[in-house]
Amino acid sequence: MERKYNVAVVGASGAVGEELFRVLEEVEFPIADLLPLASVNSIGIEVKCQGKTYKIEELTEDVFEGRDIDIAFFSAGGSISAKFAKYAVEAGAVVIDNTSHFRMDPKVPLVVPEVNPEDIELWEDTGIIANPNCSTIQMVQLLKPLHDLYGIKRVDVSTYQAVSGAGKKGMEELVRQMQDFFAFKLDESKVEAFTHQIALNVIPQIDVAQDNGYTKEEMKMVNETNKIMHSDFAVSATCVRVPVLRSHSESVTITFGENVDVNVEEAREVLEAFENVTVIDNLENNQYPMPIISTDTDETYVGRIRKDLYTDNILHIWGVADQVRVGAATNSVRIAQKWIKLED
């Protein structure tokens, strides 16, 4: 008989928490019991998973005691993970953390299962496995097969990130502002979730400014990429918020070694063969990845695969993925599935 696991979800009432329940149900994750946790404001709210209904409980320092939790998914913000993850670990759970708090801790593995599944074995050092930034996850899934093929020297990426990356409040603000636009009162619409109006606009800043002129979000992509891939190539990112509800898009320029002569068909073949990557690349017939294609799926889509016009060792690609799933909930569940196989 298949062993089942006691699972906790911290941040159960948030966008990623809600998606986690969906993914756990869709993949028929072997759940014995489920403990949804959130702040005091969400106590008693019912969540459904695998045909059962559970009530959200308050996240406290002692809530994990005596519950025999095997796996604890954390997706309630870095400060929450910083404070409460240790209590889940002390109670015997492996913590799969979806926040930025532990990502660059040298003792904590940072994992995208398609790219570096072997790092999951390092979980015992701290009891924690970190889930990377959503934009990083979908990018390294595309970089990995190309790096194995040619050897990457530099990556330049511009992101087009959906408002759901800012949670429910981001989606609600875009919808509200669009409603106000059609009511001819956009100038009165509140700006709260973002630094500027997001409807009919793009904002070339995600997260806070850093001393080097980049943002915190951009530096996440720079630093996390090489940790995940065990590489040392240069990465530069420009992260932009766009008025799309769901799914992040990325324009990626990849520079390989000086002696590499990129073969587009060869690059396409290794991308097509890579786990959980789907190629949509037929420009003549207007076929390429878009947010409306990737939303509510667990694939990372790639297209517009083309060689640079001037330099033989440069390739340009366009990638799109549902960042709530691929970039958060689905990646977390895939980590858990790999962890279970290691433990068995």
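Heads up: the sequence shown begins at 2 in the numbering used here, then just goes up one per residue. Idealized CB from N, CA, C, for every residue including glycine.
For residue 134, count neighbouring C-beta atoms within 10 Å of its own C-beta (all shown protein chains included) and say buried if the count is 16 or more, exposed if not.
Along the sequence shown, one-based indexing puts residue 134 at 133. Counting Cβ neighbours within 10 Å, residue 134 comes out buried, since at least 16 surround it.
Coarse secondary structure for residue 188, derived from DSSP in three states:
Sequence index remark: in the sequence shown, residue 188 carries index 187 (1-based). Helix, per DSSP.
Does the segment 175-195 touch the segment 59-74, meaning 3 or more C-beta pairs lie closer than 8 Å?
no
Whole runs of the alpha helix (DSSP H) within the segment 79-104, excluding any shorter than 4 residues:
79-91
How would you call residue 148, buried or exposed, if buried means at least 16 neighbouring beta carbons within 10 angstroms?
As a working mapping, residue 148 is identified with position 147 in the sequence shown. Buried, since its Cβ has 16 or more Cβ neighbours within 10 Å.
Quick one: residues in its chain with C-beta nearer than 6 Å to the C-beta of residue 213, no 5 flanking neighbours on either side, listed in chain order?
Working through the sequence shown from its first residue, we reach residue 213 at position 212. Cβ within range, chain order: n/a, list empty.
As assigned by DSSP and simplified to three states, the class of residue 4
For this step, residue 4 is matched to residue 3 along the sequence shown. DSSP places residue 4 in coil when its eight states are reduced to three.
Could you tell me how far apart the beta carbons of residue 35 and residue 55 are, in whole angstroms, since I believe they sit closer than 8 Å?
Residue mapping note: residue 35 aligns to position 34 of the sequence shown, counting from 1. Residue mapping note: residue 55 aligns to position 54 of the sequence shown, counting from 1. Yes, residue 35 and residue 55 are in contact; Cβ-Cβ is about 5 Å, under 8 Å.
Best match in 307, 231, 200, 182 for proximity to residue 284 [C-alpha to C-alpha]:
On the sequence shown, residue 284 is found 283 positions in, with the first residue counted as 1. For residue 284, the nearest C-alpha among the options comes from 307.
Pairwise C-alpha distance: residue 238 and residue 129
As a first step, residue 129 is located in the sequence shown; it is residue number 128 there, counting from the start. As a first step, residue 238 is located in the sequence shown; it is residue number 237 there, counting from the start. Whole-angstrom Cα-Cα distance: 27 Å.
Burial state of residue 25 (16 or more Cβ within 10 Å)
Within the sequence shown, the letter at position 24 stands for residue 25. Flag for residue 25 reads buried.
Counting Cβ pairs closer than 8 Å, one from the segment 111-118 and one from the segment 227-235, do we hit at least three?
yes
Considering only residues of the same chain and omitting the five flanking positions on each side of residue 339, which have a CB-CB separation below 7 Å?
Here the question's residue 339 lines up with position 338 in the sequence shown. So the qualifying residues of the chain are 114, 118, 121.
Beta-bridge partners of residue 319, as assigned by DSSP
For this step, residue 319 is matched to residue 318 along the sequence shown. Answer is 252, 304.
Can you list, in chain order, the residues of its chain whose CB lies under 7 Å from that of residue 52, leaving out five sequence neighbours each side?
As a position in the sequence shown, residue 52 is number 51, starting the count at 1. Cβ neighbours of residue 52 beyond the five flanking positions: none.
Where residue 30 falls: helix, strand or coil (DSSP)
Within the sequence shown, numbered from 1, the residue matching residue 30 stands at position 29. Three-state DSSP puts residue 30 in coil, outside helix and strand.
How should residue 4 be labelled, buried or exposed, when 16 other C-beta atoms within 10 angstroms of its C-beta is the threshold for buried?
In the sequence shown, counting from the first residue as 1, residue 4 sits at position 3. So residue 4 ends up on the exposed side.
C-beta contact flag for residue 17 and residue 330 at 8 Å
Counting from one through the sequence shown, the residue named residue 17 turns up at place 16. Counting from one through the sequence shown, the residue named residue 330 turns up at place 329. Cβ atoms of residue 17 and residue 330: closer than 8 Å.
Element boundaries [beta strand (DSSP E), containing residue 131]:
Walking along the sequence shown from the start, residue 131 turns up at place 130. That run of the beta strand (DSSP E) goes 129-131.
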